[in-house]
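Per this note's numbering, the very first residue in the sequence shown carries number 569; after that it's consecutive.
For every residue, glycine included, the Cβ atom is placed at its ideal position computed from N, Cα and C.
No experiment lies behind these values; they were computed from the predicted model shown.
Written out below as structure tokens is the structure these notes cover.
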Amino acid sequence: GIKKGSLKDVFGSGTAAIISPVGELYYKGNKYTVSDGKIGELTKRFYDEIMSYQYGEKEEPYGWVERIDT
């Protein structure tokens with residue numbers, strides 16, 4: 569668990585933030601470092617996947633992305 573330092577990955581997500589890694593958590597006056605403060609594998613994978621859809625590098629499978637010519 570988090571007290572033993574075995575938590576490997578934490579991230580926040582949202583429409584503006586996309587995927588944002590969390591390096592530390594504070595709870596009841598204690599600081600817990602996540603994955604030695606480094607970006608976790610899952611966070612990186614999610615971020616890369618979402619960005620590849622947004623930049624048109626991959627075709628996203630759900631029809632959520634609409635290309636707009638400028």
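So the candidates are the options; which of them puts its Cα closest to the Cα of residue i?
i	options	result
residue 587	574, 570, 622, 569	622
residue 629	636, 637, 617, 638	617
residue 569	614, 636, 601	601
Between residue i and residue j, which are expected to be in contact by the criterion C-beta below 8 Å, what is the C-beta distance as a whole number of angstroms?
i	j	result
residue 573	residue 589	That belief does not hold up - the Cβ atoms of residue 573 and residue 589 are roughly 17 Å apart, past 8 Å.
residue 620	residue 612	That pair is no contact at about 12 Å.
Specify the secondary structure class of residue i as computed by DSSP and reduced to three states.
i	result
residue 636	coil
residue 621	helix
residue 605	helix
residue 596	coil
Compute the distance between the beta-carbons of residue i and residue j, then report whether it is under 8 Å.
i	j	result
residue 603	residue 576	yes
residue 605	residue 592	yes
The ligand ATP and residue i: does the residue's C-beta get closer than 7 Å to at least one heavy atom of that ligand?
i	result
residue 606	Absence of the ligand ATP from the depicted structure is noted, as is the absence of any ligand whatsoever, leaving it without description.
By DSSP's criteria, residue i is part of a beta bridge. Which residues make up the other side?
i	result
residue 589	579
residue 630	BP columns for residue 630 are empty, so no partner.
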